[in-house]
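**Q**
Chains as they are written, first to last, in this note's numbering: chain Y, 1 to 456; chain A, 1 to 393; chain V, 1 to 379.
(1) Taking any Cβ of chain V, which residues in the region 299-330 of chain A have a Cβ under 7 Å from it, in chain order?
(2) List the residues of chain Y whose Cβ lies closer than 7 Å to the Cβ of residue 60 (chain V), in chain order.
(3) Rounded to the nearest angstrom, what separates residue 3 (chain A) and residue 383 (chain A) at their Cα positions?
(4) I want to see whether chain A comes within less than 9 Å of residue 56 (chain Y), judged by CB atoms only; does it?
(5) Could you give the first and the last residue of the continuous alpha helix (DSSP H) run that contains residue 244 (chain A)?
(6) At the level of alpha carbons, what is the spacing between residue 360 (chain V) and residue 255 (chain V)?
(7) Counting contacts by CB-CB distance shorter than 9 Å, is residue 95 (chain Y) in contact with chain V?
(8) Please confirm whether residue 7 (chain A) has its beta-carbon closer than 9 Å to some beta-carbon of chain Y.
(9) Going by other Cβ atoms of all chains shown within 10 Å of its Cβ, with 16 needed for buried, is residue 310 (chain V) buried or exposed?
(10) Under 9 Å, do residue 400 (chain Y) and residue 343 (chain Y) count as touching if we go by C-beta distance?
(11) In chain order, which continuous runs of the alpha helix (DSSP H) of length 4 or greater are located wholly inside the region 73-117 of chain V?
(12) Taking a cut of 7 Å between CB atoms, which residues from the region 178-191 of chain Y lie near chain V?
(13) Put residue 18 (chain Y) into one of helix, strand or coil per three-state DSSP.
(14) Check each residue of the region 264-281 of chain A: if its Cβ is closer than 8 Å to any Cβ of chain V, include it; give the result in chain order.
(15) Per the DSSP calculation, residue 176 (chain V) is bridged to which residue(s)?
(16) What is the DSSP secondary structure of residue 150 (chain V), counted as helix, strand or coil?
(17) How far does the beta strand (DSSP E) with residue 37 (chain V) in it reach, from first residue to last?
(18) Write down the C-beta distance between residue 275 (chain Y) and residue 90 (chain Y) rounded to the nearest angstrom, noting that I regard them as a contact closer than 8 Å.
(19) For residue 345 (chain V), name the three-state secondary structure that DSSP assigns.
(20) Tell me the rounded alpha-carbon separation between residue 154 (chain V) and residue 192 (chain V).
(21) Relative to the C-alpha of residue 148 (chain A), which candidate in A:51, A:256, A:175, A:29 has its C-alpha closest?
(22) Are there 16 or more other CB atoms within 10 angstroms of the CB of residue 110 (chain Y), so buried, or fewer, so exposed?
(23) Mapping DSSP to helix, strand and coil, what is residue 196 (chain A)?
(24) Of all the CB atoms in chain Y, is at least one closer than 9 Å to the CB of residue 1 (chain A)?
(25) I'd like to know if the region 7-27 of chain A and the region 318-327 of chain A are in contact, where contact means that at least 3 CB-CB pairs between them fall below 8 Å.
(26) Determine which residues of the region 34-63 of chain Y have a Cβ less than 7 Å from any Cβ of chain A, and write them out in chain order.
(27) Identify every residue that forms a DSSP beta bridge with residue 203 (chain A).
(28) Mapping the DSSP letters down to three states, classify residue 468 (chain Y) as helix, strand or coil.
(29) Check the Cβ of residue 16 (chain V) against every Cβ in chain Y and list those closer than 7 Å, keeping chain order.
(30) Can you find a C-beta in chain A that's less than 9 Å from the C-beta of residue 318 (chain Y)?
(31) Measure from the C-beta of residue 76 (chain A) to each C-beta in chain Y and report whether the shortest distance is under 9 Å.
(32) Interface residues of chain A around residue 96 (chain V) at Cβ under 9 Å?
(33) Could you please give me the residues that DSSP links to residue 214 (chain Y) through a beta bridge?
(34) Among V:76, V:32, V:88, which residue has its Cα nearest to the Cα of residue 249 (chain Y)?
(35) For the alpha helix (DSSP H) that contains residue 422 (chain Y), what are its first and last residues?
(36) Within 8 Å: the Cβ of residue 254 (chain A) and any heavy atom of the ligand ATP?
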């Protein structure tokens with residue numbers, strides 16, 4: 001029934017119903033103006049505890065050294081890089097929504113862009129923890145991470161993928177942050193103008209930089225937004241591409257494969273959308289934003305999830321096929337080992353969660369069912385975490401020489417840091433929904449019915 | 001739920017277009033025939049170039065039709081028919097493939113049983129690379145493409161008279177089904193016809209590489225036709241800068257996408273430096289082929305990139321027409337660069353290489369003229385048409 | 001305090017059509033210094049106000065090209081001039097590997113400079129003391145109204161005429177906005193002593209805490225456990241052994257793995273007598289010998305073993321190897337000298353492996369032969 005209801009002659013409204021601009025202000029500013037509820041405090045207590053576990057684990061790590069992790073020869077990369085890639089991947093949805101969908105003029109992005117951008121920033125912060133702490137003593141490692149001539153006059157290796165990572169992720173973080181902040185300026189001005197307490201007024205004045213909603217400013221502002229979107233699009237592709245180079249420029253079987261760049265990008269968007277979808281489902285319910293973040297938006301996100309999930313499935317299949325086709329016994333062994341070896345359970349978890357479950361989104365009933373999509377979103381994130389685990393660990397634990405094979409078992413500290421990063425992420429999300437507008441008010445007002453002159 | 005009537009008057013294409021199509025086809029066919037006479041193998045390798053370029057136009061256009069249905073895009077609805085007409089070249093594809101199917105042994109090393117028997121790697125691949133399976137696969141590709149072409153265009157045509165929205169819905173279903181079919185068929189088409197020319201070489205990104213060029217090429221040809229038709233008033237009124245801008249942006253994006261995929265493939269193979277992969281690039285960096293490699297970067301990335309970079313030029317009809325033809329040529333050069341080094345390790349370029357591009361251009365034109373004679377150039381019954389005409393960026 | 005300076009006359013509208021119409025009317029009336037304030041960008045307003053296209057794109061292009069070219073040149077300088085280093089067997093100028101960093105820096109510089117100039121030059125921000133701030137007008141356009149404001153410093157400005165024009169456009173309200181000159185004149189200066197004191201304070205705090213962390217805290221327990229490990233070190237005394245030394249020599253009669261003892265310690269003649277060069281004088285052996293000779297021997301003996309290196313005159317002169325004595329030595333003697341040293345020449349056993357020593361012997365023989373060539377050698 002639902003399919004036959006679509007009328008293709010009319011545009012889908014970006015919001016449900018016909019809310020007025022003033023009511024948008026009320027609804028979106030409500031969480032900021034009101035006192036947090038009990039549920040929010042409970043949530044914060046849970047995520048805060050997880051963050052505490054992470055802080056304890058990292059303190060122990062700093063005290064004892066990276067020996068407390070499960071990594072050793074031959075699996076020298078374990079949870080640290082798995083979690084790093086996982087979180088960077090989560091961060092990709094935000095820029096995709098705010099930049100690529102902006103360039104494609106998809107109006108449905110307005111309701112979710114702000115949230116997704118914030119999640120990008122938080123996810124990249126979580127990701128940055130891992131390369132920092134894997135140095136053991138990050139305060140002493142600063143000179144290795146940044147181009148800083150040491151006493152030998154030797155520069156860092158600009159041709160190393162690990163250094164590219166430093167540049168890519170920090171650029172990504174900076175640009176995402178700038179993008180996000182630029183989008184927030186008009187909303188800060190709006191919050192400033194409706195602030196009731198002196199403290200809020202001063203704070204929002206400072207953050208709004210004195211924005212006046214002037215059309216002479218809007219003109220440059222829109223241009224700047226377009227330019228930022230134009231740059232963010234290749235940037236977001238470059239980040240996960242460079243992360244994939246970490247693996248693919250090596251000669252390790254299972255890592256050195258040319259499809260890695262687009263495959264990693266698709267996977268990143270896949271997991272990022274799943275995470276944004278999950279958090280949005282909770283937020284829209286909790287803050288009564290169902291008419292702004294509509295089921296239609298979520299359905300569109302699910303379509304992106306099924307598309308990127310299928311690309312990921314294509315890449316798995318391609319890797320397998322070419323491994324066989326190459327005639328290279330090492331490649332062939334690695335892929336058989338993934339499916340049948342000691343980590344087969346991780347591999348099949350990955351395949352089930354990433355390839356099988358998201359295919360249910362082809363069915364419209366599943367795509368528009370809140371519970372159903374939430375569960376599939378969780379599966380996707382689990383699956384994508386395992387994908388990185390499978391890539392990193394199976395290839396390293398069974399490399400060229402059977403005498404140097406090994407088995408990787410993460411330790412409690414590994415798990416502690418990972419739990420801590422999850423705690424950090426959700427703590428930041430919880431704080432964000434209290435202090436900043438979760439939907440861009442100026443953008444949503446612009447797509448309300450009747451918001452634009454009739455001639456246009 | 002009735003659609004509003006869009007004023008559209010069907011006009012026949014001028015005779016000069018037909019003349020060009022017939023002329024190009026005839027000239028191309030003549031050169032092809034001469035090439036086959038003087039240097040049979042060279043003709044066959046050129047035939048693969050022609051096949052892969054024509055497949056790009058035909059299947060790339062069909063992909064675009066499906067993509068429009070799936071994405072719910074409206075801006076391209078007024079000229080979706082152009083894409084549908086272009087995808088009608090799937091029939092010509094079969095004709096172009098026939099000389100090759102008859103002479104597989106001459107171009108594909110893996111068909112030489114005595115060589116395969118001596119080579120354990122090729123022997124390992126023989127369950128996939130053998131003439132029977134190859135033939136079955138390629139017949140299946142053709143059947144699938146023609147089937148989806150027939151379905152997608154059939155319902156679109158029906159809508160012209162019935163204006164029934166249910167056909168849009170049906171086509172969305174077919175488009176959904178076409179997506180995985182498209183991904184797999186183009187990938188294996190590229191592996192079969194191009195990658196397996198060098199049967200020891202392999203690259204997992206190869207299908208994506210071919211896809212990126214394919215879509216770009218189809219889009220470029222369509223852009224040239226759309227802008228030309230619109231300037232002469234063959235389409236509906238109201239199409240202008242906003243639509244051009246969207247076309248230009250897509251071309252720009254896919255130019256970058258192609259460059260990204262091409263660079264990724266090169267970078268990973270260059271960096272890892274595994275001999276079993278690098279020789280493929282080394283062959284294209286020696287004996288004159290390096291000039292083709294450089295020309296490819298210049299033609300397929302730098303020129304389109306800088307021509308399309310600025311916002312006004314994406315809306316400029318003249319620039320779009322130029323870049324449409326340019327990218328079509330660049331894609332042909334790309335295929336030439338992929339295929340011909342397998343024919344000769346040192347650069348070969350002569351009149352023989354002109355035959356198939358001319359023939360393909362002629363076949364595309366003739367198919368288009370043939371379709372335009374019977375059908376509307378605008379999907380006048382499409383429910384999204386009015387929205388598409390009103391589209392503003 | 002003069003609160004009554006007129007800044008502008010403003011009008012508020014309810015619909016986007018109304019504001020577009022108003023903007024066109026004001027523009028047609030010939031006003032230049034006016035502005036439209038809307039809660040979101042209204043399509044078509046730039047045309048209604050006849051604004052020229054934003055020039056921001058040129059800054060982006062310039063910044064991107066400059067940043068990209070700059071970092072590419074910098075990396076090239078690092079690899080070609082500053083510290084040429086072979087990495088992964090690639091040439092020094094491995095441009096594909098420079099692309100990722102170049103790309104990232106291009107994006108970073110383009111974005112940061114674009115946004116920086118947008119805020120500083122185009123918006124002249126931060127500016128929180130504009131006359132329009134804190135007015136009912138601003139509160140309205142911040143939320144859901146559309147406003148137009150004609151400034152008093154417009155050359156055509158006349159309060160009555162402007163009010164009449166705006167009123168004729170069917171606005172919700174028309175209101176003048178005043179400002180307080182004193183308040184606007186108050187500017188915040190960089191050289192304010194309080195601000196400078198704050199900067200100094202921050203600098204002292206940051207540098208002090210950095211110093212404390214890196215130079216003090218890290219050497220205090222428990223953070224020093226890696227440098228002060230619970231283990232015996234070679235130079236520390238121990239009660240475990242009678243001679244109180246922690247550093248032990250190997251037990252008698254044992255040999256380290258991979259080590260072959262030299263049987264002719266202090267016996268050059270025996271070495272000459274019993275040792276035979278195990279290497280054939282192949283071109284590989286000679287090439288190896290040449291490399292090792294040029295690395296380890298030539299600094300004193302000279303490139304051609306004539307004892308003519310630049311050390312001549314600074315030490316007891318290193319001898320030539322073309323003397324009759326050395327030429328008549330058996331191979332084993334030369335090997336012995338390299339292994340054990342002689343006079344002030346130290347042992348090279350740890351730097352040059354056995355095989356390499358024998359290769360050097362071959363090379364020395366070749367040099368000797370070259371300097372004392374016989375007639376028959378030329379045939």
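Cβ atoms here follow ideal geometry from the backbone N, Cα and C, with glycine treated the same way. Note that the structure is predicted; figures quoted are calculated from it, not measured.
**A** Based on what the coordinates show:
(1) none
(2) 227
(3) Because residue 3 (chain A) sits at a pLDDT of 49, beneath the cut-off of 50, its placement in the model cannot be relied upon, and the following sentence gives the value as read from the coordinates. If you take the alpha carbons of residue 3 (chain A) and residue 383 (chain A), they lie about 6 Å apart.
(4) no
(5) 241-272
(6) 26 Å
(7) no
(8) no
(9) exposed
(10) no
(11) 95-117
(12) 178, 182, 189, 190
(13) coil
(14) 266, 267, 270, 271, 273
(15) V:9
(16) strand
(17) 34-37
(18) 5 Å
(19) strand
(20) 34 Å
(21) A:175
(22) buried
(23) helix
(24) Per-residue confidence for residue 1 (chain A) stands at a pLDDT of 42, beneath the threshold of 50, marking its modelled position as unreliable; the derived number appears in the next sentence. Output row for residue 1 (chain A): interface = yes.
(25) no
(26) none
(27) In the DSSP output, where bridge partners are listed per residue, residue 203 (chain A) has none listed.
(28) Residue 468 (chain Y) lies beyond the residue range present for chain Y, which begins at 1 and ends at 456; the question has no answer from this structure.
(29) 451, 452, 453
(30) yes
(31) no
(32) 263, 266, 267, 270, 271
(33) V:37
(34) V:88
(35) 412-435
(36) The ligand ATP is not among the ligands present in this structure, which contains no ligands whatsoever.
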